[in-house]
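Residue numbers for the sequence shown follow my numbering, beginning at 1 and rising by one.
Idealized CB from N, CA, C, for every residue including glycine.
From a predicted model like this one, the values you see are computed outputs, not experimental measurements.
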Amino acid sequence: MIYYRLRTLEMLPKIAKIHQKWYCLGAGIAAGMILALMPPAPSIAQSTSDFLAQLGSSSEARIYNERGVSRYQQGNYQAAIEDFTQAIEMNPNLAEVYVNRGVTRRQVNDLIGSIADYTKAIELQPNFAGTYYNRGNVRAQVGDYEGAIEDYNRAVQLNPELAEAFYGRGLAHRRLGNNEGAIADYSKAIQLQPNNALAYQNRAVVRALQGDHQAALTDYTQAIQINPSDAGAYISRGRSRFALGDKQGAITDYDQALQQNRNYSLAWFHRGNAFMDLGDYENALSSYDLAIKADSNWGNTSLADAYSNRGNARSKLGNFQAAIEDYNQAIKMNFEDAGAYYSRGMARFALKDKQRARQDLSKAAELYQKLGNTEKYQEVVDAIKTIQ
Numbered sequence: 001m002i003y004y005r006l007r008t009l010e011m012l013p014k015i016a017k018i019h020q021k022w023y024c025l026g027a028g029i030a031a032g033m034i035l036a037l038m039p040p041a042p043s044i045a046q047s048t049s050d051f052l053a054q055l056g057s058s059s060e061a062r063i064y065n066e067r068g069v070s071r072y073q074q075g076n077y078q079a080a081i082e083d084f085t086q087a088i089e090m091n092p093n094l095a096e097v098y099v100n101r102g103v104t105r106r107q108v109n110d111l112i113g114s115i116a117d118y119t120k121a122i123e124l125q126p127n128f129a130g131t132y133y134n135r136g137n138v139r140a141q142v143g144d145y146e147g148a149i150e151d152y153n154r155a156v157q158l159n160p161e162l163a164e165a166f167y168g169r170g171l172a173h174r175r176l177g178n179n180e181g182a183i184a185d186y187s188k189a190i191q192l193q194p195n196n197a198l199a200y201q202n203r204a205v206v207r208a209l210q211g212d213h214q215a216a217l218t219d220y221t222q223a224i225q226i227n228p229s230d231a232g233a234y235i236s237r238g239r240s241r242f243a244l245g246d247k248q249g250a251i252t253d254y255d256q257a258l259q260q261n262r263n264y265s266l267a268w269f270h271r272g273n274a275f276m277d278l279g280d281y282e283n284a285l286s287s288y289d290l291a292i293k294a295d296s297n298w299g300n301t302s303l304a305d306a307y308s309n310r311g312n313a314r315s316k317l318g319n320f321q322a323a324i325e326d327y328n329q330a331i332k333m334n335f336e337d338a339g340a341y342y343s344r345g346m347a348r349f350a351l352k353d354k355q356r357a358r359q360d361l362s363k364a365a366e367l368y369q370k371l372g373n374t375e376k377y378q379e380v381v382d383a384i385k386t387i388q
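In C-alpha cells, the structure reads:
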C-alpha cells in the first residue's frame with residue numbers, strides 16, 4: 001500500500017511508503033485528515049465495458065475492489081459499498097476490502113456497519129495501525145470514548161509516529177474529562193506534526209478551561225499563524241484575551257473573525273459582550289442586532305442568549321419596553337432562563353409594573369434555587385424585598 005495524507009480527497013497524495021498492491025482507503029476525522037492506502041499508478045476501470053473486459057484476465061475480487069475505490073472517489077458511496085461487498089463475497093479474507101467498506105459505510109453514516117468492517121479487518125490483519133485508528137474514530141463518533149482510546153492506544157503502539165492517532169486520543173480524553181491526558185496527546189501530535197492547527201486549538205481549549213488563558217492565547221496564536229483564515233480561532237483567541245482583561249484586543253479578534261465571515265453570529269455576540277463590559281452600550285446593541293440578524297454559526301451559545309443580552313444593552317440605554325420585548329423572546333426560546341426572568345423583572349420594576357416584576361423575580365429565584373446557584377438566588381430574593 002502507499003500511505004497518503006490528504007486534506008481532502010481532491011488533493012494530490014504525498015507518497016510515504018509502498019507496502020503492497022491492494023487498494024485500501026482509510027478515512028479519519030482527527031485534525032480533519034484523511035488517511036488513505038493506495039496502489040502505485042493503478043489503472044481503474046472507469047466504465048462497465050472496461051470493467052467486464054478485465055474480468056477474464058484479472059482477479060474478479062480485485063477488480064471489484066478497484067472499481068469500488070473509483071466510485072468512492074467520485075462520491076458514489078452506495079455503489080462503492082456494493083462493489084466492496086461483491087469483492088468480499090468472492091474472497092472474504094481480504095482485510096483491505098473490509099477497511100474500504102468500513103470507510104465508505106462511515107460516509108453514509110452506517111457507523112455500526114463501519115465498526116464491524118474494521119473489526120473484521122483487524123481479525124484478518126491485526127498489526128495495521130491505520131485500521132485501529134479508523135475504528136477509534138468511529139467509536140468516538142458513536143460516543144464510545146473508552147473503546148476509542150483502546151484503539152488509539154493500539155494504533156500508536158504499532159506506529160508511534162501516527163500524529164492523527166495521538167490527536168484523536170486527545171479528543172477522546174477530553175470527552176471523558178481527562179484534561180491532562182488530552183493536553184499530553186495534543187502536545188505529542190504537535191511534536192509529530194508541527195503544522196497541525198487543530199491540535200493547537202484543542203490544546204488551547206483545555207488550557208482555557210483550566211484557567212491558563214495565557215497559554216491558551218499562545219496556542220490560539222500559533223493556530224492562527226498556521227491557518228489565518230480560520231474565523232473560529234480568532235473568536236477563541238478573543239475570548240482568552242477577554243478573560244485576561246484585554247477587551248480591545250478581544251474586539252480586534254472578533255473583527256478579524258468577521259472579516260472571514262460576516263454572518264458569524266458567535267463573533268457578533270462576543271463582540272457585543274466586550275462592548276458591554278467597556279460600557280459602550282450603543283456598539284454592544286448594534287453587535288447583538290447583527291448577531292440576531294445573521295442567526296448562524298452560534299457555536300456554544302444561542303439566539304436566546306443574544307436576545308437576552310440585547311435586552312440588557314437596551315436596559316442600560318433606558319429603553320425598558322424594548323428590553324422587555326427581547327427578554328420575552330429569550331424566555332420563549334428558553335423558558336428556564338433564570339437571567340432573562342430576573343432582567344425582565346428589573347425592567348418591569350423600572351417601568352413601575354411592580355406586580356409583574358415580583359412575578360418574574362420569583363420565577364428567577366425558583367430557577368436559581370433549582371440550579372443550586374445560591375449566590376444568584378440570594379441576590380434575587382434581596383431584589384424582591386425592595387419591591388413593596
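In this structure, the alpha-carbon of Asn93 lies about 39 angstroms from that of Asn178. In the structure shown, the three-state DSSP call for Tyr254 is helix. Ser265 and Ala250 have their C-alpha atoms roughly 15 angstroms apart. Taking C-alpha positions only, Tyr132 is separated from Glu96 by approximately 13 angstroms. For Asn261 and Leu124, the gap between their C-alpha atoms comes out near 47 angstroms. The C-alpha of Tyr341 lies about 9 angstroms from the C-alpha of Ser362.
Between Tyr167 and Asn196, the C-beta gap is smaller than 9 angstroms, which places the two residues in contact. If you ignore the 5 residues before and after Ala322, its C-beta comes within less than 7 angstroms of the C-beta of Arg314, all in its own chain and listed in chain order. Cβ contact annotation for Ala215 (same chain, cutoff 7 angstroms, sequence separation greater than five): Arg207, in chain order. Taken through DSSP and simplified to helix, strand or coil, Phe335 comes out as coil. Cβ atoms of Arg105 and Tyr145 stay farther apart than 8 angstroms, at about 21 angstroms. Taking Lys385 as reference, the option from Asn373, Gly372, Gln359 and Lys370 with the minimal CA-CA separation is Gln359. Spatial neighbours of Tyr152 in its own chain (CB-CB distance under 6 angstroms, excluding positions within 5 residues in sequence) are listed in chain order as Gly136, Ala165, Gly168 and Arg169. Judged by beta-carbon spacing, Ala182 lies within the 9 angstroms limit of Asn202, meaning their Cβ atoms are closer than that value. Measuring C-alpha to C-alpha distances from Asn328 to each of Arg310, Thr218, Leu192 and Gly211 identifies Arg310 as the nearest. Nearest to Met90 by C-alpha distance, out of Glu60, Ala294, Gln378 and Lys316, is Glu60. With a cutoff of 9 angstroms on beta-carbon distance, Asn273 and Ala284 are scored as near each other. With a cutoff of 9 angstroms on beta-carbon distance, Leu209 and Ser240 are scored as not near each other.
Judged by their CB atoms, Arg237 and Asp253 are nearer to each other than the 9 angstroms cut-off.
Under a 10 Å Cβ-count criterion, Glu336 is classified as exposed, with fewer than 16 other Cβ atoms of the shown protein chains found around its own Cβ. With fewer than 16 other Cβ atoms inside 10 Å of its own Cβ, Asp295 counts as exposed. Under the DSSP assignment, Gly238 falls in the alpha helix (DSSP H) whose first and last residues are Ala231 to Ala243. Gly318 carries a coil assignment under DSSP once its states are collapsed to helix, strand and coil. Around the Cβ of Gln193, a 10 Å sphere holds 16 or more other Cβ atoms; the residue is buried. Within the model, the alpha-carbon separation for Lys354 versus Ala383 is close to 12 angstroms. By alpha-carbon distance to Gln191, the top candidate from Gln369, Ala163 and Val156 is Ala163.
Annotation: Gly143 is outside any alpha helix (DSSP H) and is labelled neither H nor E by DSSP. About 6 angstroms separates the CB atoms of Asp277 and Lys247; that is less than 8 angstroms, so the two are in contact. Straight through space, the alpha carbons of Phe84 and Tyr98 are spaced by roughly 8 angstroms. Look at the segment 268-325 and you find no whole run of beta strand (DSSP E) that is 3 residues long or longer.
9 angstroms or more divides the Cβ of Arg139 from the Cβ of Asp117.
A direct Cα-Cα distance of roughly 30 angstroms separates Arg271 from Gln378. Annotation: the continuous alpha helix (DSSP H) that includes Val99 extends over Ala95 to Gln107. By the neighbour-count definition (other C-beta atoms within 10 Å, threshold 16), Leu258 is a buried residue. The straight-line gap separating the alpha-carbon atoms of Val156 and Asn127 is approximately 11 angstroms.
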